[in-house]
Amino acid sequence: MHFNYYSLFLIAALTLGLGYFANNVHAEAQVIDRIYLIVNSQMLTRSEAQDVAAAIQAQKSSAEKTKKELNEQLLMNLVQEMLLLDRAKALKIEPGVKEIESRLDRLADDQPQLLEVYAEEDLKEQLVRDYKKQHIVNREVDSKIRIESHEIKFFCEQQLRKERKVGLAQILLQGSDEEIQQQVSTIRQAFKSGITFEELSKLHSADSSAQRTGGKLGIFKPEDLLAEIGEATKNLKRGEISNVVQTSIGNHLLYIYEEQFPQDLDCTNL
(Lines of atoms letter the chains of each structure in order from A; the text may use other names.)
(Lines give C-alpha, C1' and ligand atoms only; values in the text may rest on other atoms or scores of the structure.)
Protein backbone atom coordinates (compact mmCIF):
# COMPACT_ATOMS: atom_id res chain seq x y z
CA MET A 5 0.00 0.00 0.00
CA HIS A 6 1.41 3.44 -0.94
CA PHE A 7 1.16 6.40 1.46
CA ASN A 8 1.10 9.92 0.09
CA TYR A 9 3.17 12.70 1.68
CA TYR A 10 0.39 13.82 4.01
CA SER A 11 -0.22 10.28 5.22
CA LEU A 12 3.47 9.75 5.93
CA PHE A 13 3.56 13.00 7.88
CA LEU A 14 0.69 11.78 10.04
CA ILE A 15 2.39 8.47 10.68
CA ALA A 16 5.51 10.21 11.92
CA ALA A 17 3.56 12.69 14.01
CA LEU A 18 1.22 10.21 15.67
CA THR A 19 3.54 7.31 16.50
CA LEU A 20 4.44 8.79 19.88
CA GLY A 21 0.80 9.08 20.93
CA LEU A 22 -0.38 5.58 20.11
CA GLY A 23 1.19 3.93 23.12
CA TYR A 24 -1.31 5.62 25.37
CA PHE A 25 -4.24 3.87 23.74
CA ALA A 26 -2.53 0.50 23.41
CA ASN A 27 -1.79 0.54 27.14
CA ASN A 28 -5.12 1.95 28.30
CA VAL A 29 -7.66 0.01 26.26
CA HIS A 30 -9.69 -0.85 29.33
CA ALA A 31 -9.61 2.64 30.82
CA GLU A 32 -12.87 4.28 31.76
CA ALA A 33 -14.70 5.77 28.76
CA GLN A 34 -14.85 9.53 28.55
CA VAL A 35 -18.00 11.43 27.69
CA ILE A 36 -16.41 13.43 24.89
CA ASP A 37 -15.16 11.30 21.96
CA ARG A 38 -12.59 13.43 20.20
CA ILE A 39 -10.98 13.04 16.77
CA TYR A 40 -7.91 10.85 17.07
CA LEU A 41 -6.49 10.47 13.56
CA ILE A 42 -7.06 12.03 10.13
CA VAL A 43 -5.75 10.45 6.92
CA ASN A 44 -6.71 12.20 3.70
CA SER A 45 -10.52 12.55 3.91
CA GLN A 46 -11.01 9.93 6.64
CA MET A 47 -11.35 10.65 10.37
CA LEU A 48 -10.97 8.22 13.25
CA THR A 49 -12.23 8.88 16.78
CA ARG A 50 -10.44 8.00 20.00
CA SER A 51 -12.95 5.26 20.86
CA GLU A 52 -12.53 3.68 17.42
CA ALA A 53 -8.77 3.64 17.89
CA GLN A 54 -9.24 1.96 21.27
CA ASP A 55 -11.45 -0.68 19.64
CA VAL A 56 -8.70 -1.52 17.16
CA ALA A 57 -6.11 -1.63 19.95
CA ALA A 58 -8.32 -4.00 21.94
CA ALA A 59 -8.72 -6.29 18.93
CA ILE A 60 -4.96 -6.43 18.45
CA GLN A 61 -4.29 -7.20 22.11
CA ALA A 62 -6.91 -9.96 22.00
CA GLN A 63 -4.92 -11.85 19.37
CA LYS A 64 -2.87 -14.78 20.66
CA SER A 65 0.24 -13.59 18.87
CA SER A 66 0.11 -10.26 20.71
CA ALA A 67 1.27 -11.87 23.96
CA GLU A 68 4.71 -12.37 22.42
CA LYS A 69 5.04 -8.80 21.12
CA THR A 70 6.70 -5.90 22.87
CA LYS A 71 4.85 -2.70 23.69
CA LYS A 72 6.66 -0.95 20.84
CA GLU A 73 5.66 -3.65 18.35
CA LEU A 74 2.02 -3.46 19.46
CA ASN A 75 2.05 0.32 19.01
CA GLU A 76 3.53 -0.02 15.53
CA GLN A 77 0.97 -2.65 14.57
CA LEU A 78 -1.85 -0.47 15.84
CA LEU A 79 -0.63 2.51 13.84
CA MET A 80 -0.23 0.45 10.69
CA ASN A 81 -3.67 -1.13 11.03
CA LEU A 82 -5.34 2.23 11.57
CA VAL A 83 -3.65 3.98 8.67
CA GLN A 84 -4.16 1.05 6.29
CA GLU A 85 -7.85 0.89 7.14
CA MET A 86 -8.31 4.61 6.61
CA LEU A 87 -6.42 4.59 3.32
CA LEU A 88 -8.65 1.75 2.09
CA LEU A 89 -11.75 3.70 3.07
CA ASP A 90 -10.40 6.84 1.44
CA ARG A 91 -9.77 4.90 -1.76
CA ALA A 92 -13.30 3.50 -1.62
CA LYS A 93 -14.68 7.02 -1.24
CA ALA A 94 -12.69 8.23 -4.25
CA LEU A 95 -14.08 5.36 -6.33
CA LYS A 96 -17.60 5.98 -4.97
CA ILE A 97 -17.94 2.43 -3.71
CA GLU A 98 -21.11 1.99 -1.67
CA PRO A 99 -22.89 -1.25 -0.74
CA GLY A 100 -26.59 -1.62 -1.45
CA VAL A 101 -29.10 -1.72 1.39
CA LYS A 102 -29.95 -5.35 0.62
CA GLU A 103 -26.28 -6.31 0.74
CA ILE A 104 -25.85 -4.90 4.25
CA GLU A 105 -29.15 -6.39 5.45
CA SER A 106 -28.05 -9.77 4.14
CA ARG A 107 -24.69 -9.49 5.91
CA LEU A 108 -26.40 -8.43 9.12
CA ASP A 109 -28.71 -11.47 8.94
CA ARG A 110 -25.72 -13.78 8.51
CA LEU A 111 -23.97 -12.06 11.41
CA ALA A 112 -27.06 -12.55 13.58
CA ASP A 113 -27.07 -16.26 12.74
CA ASP A 114 -23.34 -16.78 13.27
CA GLN A 115 -22.72 -14.46 16.24
CA PRO A 116 -26.07 -13.56 17.88
CA GLN A 117 -24.29 -12.30 21.00
CA LEU A 118 -23.06 -9.26 19.05
CA LEU A 119 -26.62 -7.98 18.72
CA GLU A 120 -26.86 -7.97 22.49
CA VAL A 121 -23.69 -5.92 22.90
CA TYR A 122 -23.85 -3.49 19.96
CA ALA A 123 -26.66 -1.42 18.51
CA GLU A 124 -27.90 -2.54 15.11
CA GLU A 125 -26.91 0.76 13.48
CA ASP A 126 -23.35 0.42 14.82
CA LEU A 127 -23.09 -3.07 13.35
CA LYS A 128 -24.43 -1.86 10.02
CA GLU A 129 -21.87 0.93 9.97
CA GLN A 130 -19.07 -1.56 10.57
CA LEU A 131 -20.42 -3.87 7.87
CA VAL A 132 -20.39 -0.96 5.42
CA ARG A 133 -16.77 -0.23 6.31
CA ASP A 134 -15.83 -3.90 5.92
CA TYR A 135 -17.58 -4.08 2.54
CA LYS A 136 -15.69 -1.04 1.25
CA LYS A 137 -12.31 -2.28 2.48
CA GLN A 138 -12.79 -5.77 1.06
CA HIS A 139 -13.97 -4.36 -2.25
CA ILE A 140 -10.81 -2.27 -2.58
CA VAL A 141 -8.52 -5.14 -1.54
CA ASN A 142 -10.15 -7.48 -4.06
CA ARG A 143 -9.95 -4.81 -6.75
CA GLU A 144 -6.24 -4.18 -6.18
CA VAL A 145 -5.37 -7.88 -5.96
CA ASP A 146 -7.34 -8.74 -9.11
CA SER A 147 -5.58 -6.01 -11.04
CA LYS A 148 -2.19 -7.45 -10.09
CA ILE A 149 -2.89 -11.11 -10.84
CA ARG A 150 -4.70 -10.62 -14.16
CA ILE A 151 -2.55 -12.21 -16.86
CA GLU A 152 -2.88 -11.45 -20.55
CA SER A 153 -3.64 -14.39 -22.85
CA HIS A 154 -0.34 -14.02 -24.72
CA GLU A 155 1.54 -14.25 -21.42
CA ILE A 156 -0.29 -17.46 -20.53
CA LYS A 157 0.53 -18.92 -23.94
CA PHE A 158 4.18 -17.88 -23.61
CA PHE A 159 4.43 -19.54 -20.20
CA CYS A 160 2.74 -22.69 -21.54
CA GLU A 161 5.19 -22.87 -24.44
CA GLN A 162 8.09 -22.49 -22.02
CA GLN A 163 6.77 -25.42 -20.01
CA LEU A 164 6.34 -27.45 -23.19
CA ARG A 165 9.90 -26.75 -24.22
CA LYS A 166 11.13 -27.69 -20.76
CA GLU A 167 9.29 -31.03 -20.87
CA ARG A 168 9.94 -31.91 -24.50
CA LYS A 169 12.09 -34.73 -25.81
CA VAL A 170 14.14 -34.05 -28.91
CA GLY A 171 15.39 -36.15 -31.76
CA LEU A 172 18.99 -34.95 -31.91
CA ALA A 173 21.48 -35.15 -34.75
CA GLN A 174 25.03 -33.83 -34.92
CA ILE A 175 27.93 -33.07 -37.16
CA LEU A 176 31.18 -33.70 -35.28
CA LEU A 177 33.91 -31.29 -36.37
CA GLN A 178 37.66 -31.69 -36.00
CA GLY A 179 40.65 -29.58 -36.95
CA SER A 180 42.07 -26.19 -36.09
CA ASP A 181 39.85 -23.29 -35.17
CA GLU A 182 40.29 -21.85 -38.66
CA GLU A 183 39.45 -25.18 -40.31
CA ILE A 184 36.36 -25.63 -38.14
CA GLN A 185 35.20 -22.10 -38.94
CA GLN A 186 35.54 -22.82 -42.65
CA GLN A 187 33.63 -26.11 -42.30
CA VAL A 188 30.79 -24.39 -40.44
CA SER A 189 30.51 -21.71 -43.13
CA THR A 190 30.39 -24.36 -45.88
CA ILE A 191 27.78 -26.43 -44.00
CA ARG A 192 25.50 -23.44 -43.33
CA GLN A 193 25.60 -22.27 -46.93
CA ALA A 194 24.78 -25.77 -48.16
CA PHE A 195 21.94 -26.10 -45.63
CA LYS A 196 20.44 -22.79 -46.79
CA SER A 197 20.58 -24.02 -50.37
CA GLY A 198 18.37 -26.98 -49.46
CA ILE A 199 20.72 -29.84 -48.62
CA THR A 200 19.41 -31.77 -45.63
CA PHE A 201 21.26 -31.96 -42.35
CA GLU A 202 21.35 -35.74 -42.71
CA GLU A 203 23.25 -35.48 -46.00
CA LEU A 204 25.56 -32.80 -44.62
CA SER A 205 26.38 -35.03 -41.67
CA LYS A 206 27.34 -37.85 -44.00
CA LEU A 207 29.59 -35.46 -45.94
CA HIS A 208 31.26 -33.52 -43.13
CA SER A 209 30.98 -35.32 -39.77
CA ALA A 210 34.10 -36.81 -38.18
CA ASP A 211 31.85 -39.38 -36.48
CA SER A 212 32.42 -42.70 -38.26
CA SER A 213 28.80 -43.77 -37.73
CA ALA A 214 27.42 -40.71 -39.55
CA GLN A 215 27.50 -42.49 -42.91
CA ARG A 216 25.01 -44.99 -41.52
CA THR A 217 22.92 -42.80 -39.18
CA GLY A 218 23.03 -39.44 -40.93
CA GLY A 219 24.22 -37.97 -37.64
CA LYS A 220 21.11 -39.02 -35.70
CA LEU A 221 21.90 -39.77 -32.06
CA GLY A 222 18.41 -40.66 -30.82
CA ILE A 223 15.63 -39.08 -28.76
CA PHE A 224 16.52 -37.48 -25.44
CA LYS A 225 15.46 -34.99 -22.80
CA PRO A 226 18.02 -32.16 -22.77
CA GLU A 227 19.01 -32.87 -19.15
CA ASP A 228 19.98 -36.44 -20.11
CA LEU A 229 22.72 -35.18 -22.44
CA LEU A 230 26.18 -33.80 -21.80
CA ALA A 231 25.76 -30.51 -19.96
CA GLU A 232 27.07 -28.38 -22.85
CA ILE A 233 24.86 -30.13 -25.41
CA GLY A 234 21.81 -30.09 -23.15
CA GLU A 235 22.19 -26.35 -22.58
CA ALA A 236 22.55 -25.69 -26.31
CA THR A 237 19.41 -27.66 -27.19
CA LYS A 238 17.14 -26.10 -24.55
CA ASN A 239 16.13 -23.24 -26.82
CA LEU A 240 17.09 -24.75 -30.15
CA LYS A 241 14.12 -24.95 -32.51
CA ARG A 242 13.29 -27.89 -34.69
CA GLY A 243 14.88 -27.59 -38.13
CA GLU A 244 17.61 -25.14 -37.05
CA ILE A 245 21.36 -25.71 -36.77
CA SER A 246 22.98 -24.67 -33.51
CA ASN A 247 26.10 -22.64 -33.00
CA VAL A 248 29.29 -24.62 -32.51
CA VAL A 249 29.22 -26.43 -29.16
CA GLN A 250 32.51 -27.44 -27.56
CA THR A 251 32.72 -30.56 -25.37
CA SER A 252 35.45 -32.93 -24.25
CA ILE A 253 34.65 -35.02 -27.33
CA GLY A 254 35.11 -32.22 -29.84
CA ASN A 255 33.12 -29.54 -31.62
CA HIS A 256 29.51 -30.16 -32.58
CA LEU A 257 26.84 -28.68 -34.79
CA LEU A 258 23.49 -29.85 -33.41
CA TYR A 259 20.16 -30.27 -35.14
CA ILE A 260 16.70 -31.21 -33.85
CA TYR A 261 14.86 -33.38 -36.36
CA GLU A 262 11.96 -34.37 -34.09
CA GLU A 263 10.11 -33.09 -31.01
CA GLN A 264 7.97 -35.05 -28.57
CA PHE A 265 5.73 -33.19 -26.09
CA PRO A 266 3.65 -34.32 -23.09
CA GLN A 267 0.17 -35.23 -24.34
CA ASP A 268 -1.56 -33.56 -21.39
CA LEU A 269 -0.13 -30.09 -22.15
CA ASP A 270 -1.68 -28.22 -25.08
CA CYS A 271 -1.00 -24.53 -25.72
CA THR A 272 -2.91 -24.18 -28.98
CA ASN A 273 -6.31 -23.21 -27.52
CA LEU A 274 -5.20 -20.71 -24.85
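Just so it is clear: in the sequence shown, position 254 is 258 by our numbering, and no numbers are missing. Idealized CB from N, CA, C, for every residue including glycine.
Alpha-carbon spacing of residue i relative to residue j, whole angstroms
i      : j      : result
Thr272 : Ile223 : 24 Å
Pro266 : Leu118 : 56 Å
Val248 : Glu235 : 12 Å
Leu204 : Ser246 : 14 Å
Ile175 : Arg143 : 56 Å
Ile260 : Glu244 : 7 Å
Thr251 : Asp270 : 34 Å
Ala194 : Glu202 : 12 Å
Asp126 : Val141 : 23 Å
Arg133 : Val170 : 58 Å
Lys241 : Gln187 : 22 Å
Leu108 : Leu164 : 50 Å
Lys166 : Glu227 : 10 Å
Glu183 : Ser189 : 10 Å
Asn255 : Ser197 : 23 Å
Ile191 : Leu229 : 24 Å
Ser213 : Lys225 : 22 Å
Thr70  : Met80  : 15 Å
Gln130 : Val83  : 16 Å
Ile97  : Leu172 : 60 Å
Gln1   : Lys72  : The chain is shown from 5 up to 274; residue 1 falls before or after that span and cannot be answered.
Arg110 : Ala92  : 24 Å
Gln185 : Gly218 : 21 Å
Which listed residue (the options) has its alpha carbon closest to that of residue i
i      : options                           : result
Ala112 : Phe195, Ile191, Glu124 and Lys102 : Glu124
Lys238 : Leu119, Glu161, Gln185 and Pro99  : Glu161
Leu207 : Lys169, Arg143, Leu177 and Glu227 : Leu177
Gln264 : Thr190, Arg168, Arg133 and Leu127 : Arg168
Ile233 : Gln185, Lys72 and Leu258          : Leu258
Cβ neighbour criterion (16 or more within 10 Å) applied to residue i
i      : result
Ala94  : exposed
Ala231 : exposed
Lys220 : buried
Lys211 : Per the sequence presented here, residue 211 reads as Asp, with Lys not at that position. When all chains shown are included, Asp211 counts as buried.
Glu262 : exposed
Ile199 : exposed
Arg216 : exposed
Pro99  : buried
Val121 : exposed
Ala26  : Bear in mind that a pLDDT of 42 at Ala26, under 50, signals an unreliable position, so the number given afterwards is only what the model happens to contain. Flag for Ala26 reads buried.
Ser180 : exposed
Ile253 : exposed
Residue i, enclosing beta strand (DSSP E) - first and last residue
i      : result
Val170 : Lys169 to Leu177
Gly222 : Lys220 to Phe224
Heavy atom of the ligand MG within 7 Å of residue i beta-carbon
i      : result
Gly171 : Looking at this structure, you won't find the ligand MG or any other ligand, since it has none at all.
Unbroken alpha helix (DSSP H) run spanning residue i, endpoints
i      : result
Ile253 : Here Ile253 belongs to no alpha helix (DSSP H), and DSSP marks it neither H nor E.
Gln95  : The sequence given here places Leu at residue 95; Gln does not occur at that position. Unbroken run through Leu95: none, as it is neither H nor E.
Glu244 : First-last for Glu244: undefined, no H or E at that position.
Ile184 : Asp181 to Lys196
Asp113 : Val101 to Asp114
Gln215 : Ala214 to Thr217
Lys206 : Phe201 to His208
Val248 : That residue, Val248, is in no alpha helix (DSSP H); it is neither H nor E in DSSP.
Ala236 : Ala231 to Thr237
Glu227 : Unbroken run through Glu227: none, as it is neither H nor E.
Gln117 : Gln117 to Val121
Open item on the list: Three Cβ pairs or more, each shorter than 8 Å: is that satisfied between the stretch 82-95 and the stretch 129-137?
Closed with: yes
- [ ] Report yes or no: do the stretch 97-104 and the stretch 153-160 share at least 3 C-beta pairs separated by less than 8 Å?
- [x] no
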